[in-house]
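The opening residue of the sequence shown carries number 1232 in this note's numbering; numbering runs sequentially from there. Cβ coordinates follow ideal geometry from the N, Cα and C atoms, glycine included. Bear in mind the structure is a predicted one, so any value in this text is a computation, not a measurement. This report concerns only the one structure given below.
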Amino acid sequence: MDSQNISQEKKNMNCENPAAGGIHFVLVHGGMHGAWCWYKIMELLEKDGHRVSAIDLMSAGTNPVTADSIMSFEEYNQPLMHFLAKLPRTEKRAQIVLVGHSLGGVSIARGSEDFPHLIAVAVYVCALMFRGGESMQREKEMMELDKDILEKVEYNFGNGIGEPPTSGQVPRNFQKDFFYGTSSTLDVTLASLLLRPCPHMAVTNMSLKTTDEGYGVVPRVYIKTLKDNAFSLAKQEELITNSPPEKVYSIDSDHSPFFSAPETLHSLLLEIANTYCV
């Protein structure tokens, strides 16, 4: 079946009735974070009667693997791919709203490429919306932190001094300005206790190749964050221009709207789900 027919088939398919809890939201965190960062969004969506799964990628959240041991993005992203691959047959007849934050955008792009028939819509929340392939070099350049931020990152050298860093983390005293500028001090404190180093080699060795028959079939929606100190609005808009999604929304928040604007993000996710699943 060609991509045009697949796309039309997806438009003709309905998600299960939202009132019956048929929509399944799958939430993917960004670098240093874990499934825990979605706790407000999970509560709101579950109160609506929806099924919600938040994934801990390898070395994140409660995953026991250390970031210094991860050498590839595929390894880092394995928990999401395993989760999607192991869904029961009844689930595969439903549709998923796949949501990625920040670095999690690359994760959901890969999920869209491998499981296009499973996903009703991919939602990129101030996320890296990569196509990969020939554009990968420029896309990876966009991941580079601003110089003043880069100088503050604390690196770990699991393979020894003199070798490339194996993981990195933003120090606690810079986390609020970097990630949580408009978030409450309670959430900033919570995050400071739960953030873990990001596997540097997974990012450095990242590769991604997408196709029209996979990634290209899944509708994409982008949510911009207008007061973002971690991923500038200019970079977000460049990604949108280079690979236009079907719809773009904006939230007047920092890099972490799941903390600073949960009600707004929740409402947008419902609107998106109702557009693509009803």
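Beta-carbon within less than 8 Å of residue i's beta-carbon, same chain only, minus the 5 sequence neighbours each way: which residues are those?
i     : result
K1467 : Residue identity check: residue 1467 is Gln in the sequence provided, not Lys. Excluding sequence neighbours, Q1467 sits near C1357, Y1453, K1455, T1456, D1459.
Y1446 : A1340, S1343, E1344, P1347, R1362
M1360 : G1336, A1340, R1451, Y1453, L1470, I1471, S1474, P1476
E1277 : V1283
R1324 : At R1324 the pLDDT is 47, less than 50, meaning the model places this residue with poor confidence and gives no usable figure here.
What are the partner residues of residue i, as DSSP defines its beta bridges?
i     : result
L1329 : V1257, A1353
V1283 : F1256
I1482 : T1456
R1451 : A1353
For a test of the three-state rule: what should DSSP assign to residue i, helix, strand or coil?
i     : result
R1362 : coil
T1442 : coil
N1294 : coil
E1225 : Nothing about residue 1225 can be read from this structure; the chain reaches only from 1232 to 1509.
R1403 : helix
I1503 : helix
R1427 : coil
R1324 : In this prediction, R1324 scores a pLDDT of 47, lower than 50, which makes its location untrustworthy; the coordinate-derived value is nonetheless stated afterwards. The answer is coil: DSSP assigns R1324 none of H, G, I, E or B.
S1398 : strand
S1533 : Since the first residue shown for the chain is 1232 and the last is 1509, residue 1533 is missing from the structure and cannot be characterised.
H1497 : helix
E1370 : helix
A1461 : coil
L1421 : helix
I1380 : helix
Need the endpoints of the alpha helix (DSSP H) that residue i sits in, please.
i     : result
S1338 : 1335 to 1345
I1392 : I1392 -> no alpha helix (DSSP H), and no H or E assigned at all.
V1434 : 1431 to 1435
K1466 : 1464 to 1473
P1310 : 1304 to 1316
L1276 : 1270 to 1278
S1491 : 1488 to 1491
Tell me which residues share the same chain as residue i and place their Cβ nearer than 7 Å to its Cβ, disregarding the 5 neighbours each side in the sequence.
i     : result
L1499 : I1454, Y1480
A1492 : I1482, S1484
Q1192 : The requested residue 1192 does not occur in the structure, where the chain is confined to residues 1232 to 1509.
E1394 : F1388
G1364 : K1440, T1441
Hey, would you say residue i sits closer than 8 Å to residue j, going by beta carbons?
i     : j     : result
I1272 : F1489 : yes
M1289 : I1301 : yes
A1353 : S1343 : yes
Y1307 : A1433 : yes
T1441 : R1362 : yes
N1505 : S1366 : no
G1221 : D1287 : Past the boundaries of the shown model lies residue 1221; the chain is included only from 1232 to 1509, so the question cannot be answered.
S1487 : S1414 : yes
G1262 : L1329 : no
L1439 : A1316 : no
H1348 : V1259 : no
F1304 : M1437 : yes
P1402 : E1385 : yes
E1469 : R1451 : no
L1497 : L1318 : The question names Leu, but residue 1497 in the sequence shown is His. Result no, Cβ atoms of H1497 and L1318 do not sit closer than 8 Å.
Whose C-beta lies closer than 6 Å to the C-beta of residue i among residues of the same chain, with five residues either side of it excluded?
i     : result
L1425 : W1267
S1284 : V1257
H1431 : P1396, T1397, S1398, G1399
N1248 : Only weak support is given to the placement of N1248: the predicted model assigns it a pLDDT of 42, under 50, and the value that follows is read from those uncertain coordinates. So the list is empty, once near-sequence residues are dropped.
T1495 : I1482
V1514 : With the chain represented from 1232 up to 1509, any question about residue 1514 goes unanswered, as that position is not in the structure.
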